[in-house]
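S.K.: Using the working numbering, you'd call the opening residue of the sequence shown number 110 and step up by one each time.
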Amino acid sequence: MAATATLRKQRLMLDIEVTLKQKKALMSVLKALDIEIKQRELTEEEEDTALYLAMEEGKKEGRATEKEKEDFEKWLFQK
Numbered sequence: 110m111a112a113t114a115t116l117r118k119q120r121l122m123l124d125i126e127v128t129l130k131q132k133k134a135l136m137s138v139l140k141a142l143d144i145e146i147k148q149r150e151l152t153e154e155e156e157d158t159a160l161y162l163a164m165e166e167g168k169k170e171g172r173a174t175e176k177e178k179e180d181f182e183k184w185l186f187q188k
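#1: Determine the direct distance from the alpha carbon of Met164 to that of Glu170, and round the result to whole angstroms.
#2: Below 8 Å on the Cβ atoms is my guess for Ala159 versus Leu151; work out the distance and round it to an integer in Å.
#3: Quick one: what's got a C-beta closer than 6 Å to Met110's C-beta in the same chain, skipping five residues either side?
#4: On the three-state DSSP scale, how would you describe Met164?
#5: Among Gly167, Ile125, Val138 and Ala134, which residue has its Cα nearest to the Cα of Arg149?
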């Protein structure tokens, strides 16, 4: 007897920039997979607020050490 798996959905929020052609392709794939889509575009004011909050959060995080910076750049530019 096989155990039945319970399908649990997770919320995934994406903020990506795509061309119109890419958007159409993504929407087709999502529709084919029966994934519910809620499109939302931020107003200028909402975007400004989000950027401000992200900058404020960044101030709390502090800056990377020189070693962290070097490690990140190595990872970023590795071939």
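We put the CB at the ideal spot given by N, CA and C, even for glycine.
M.R.: Taking the coordinates as given:
#1: 10 Å
#2: 7 Å
#3: Residue placement at Met110 cannot be trusted, given a pLDDT of 47 that sits under 50; what the coordinates show is reported in the next sentence. Here the set comprises nothing.
#4: helix
#5: Ile125
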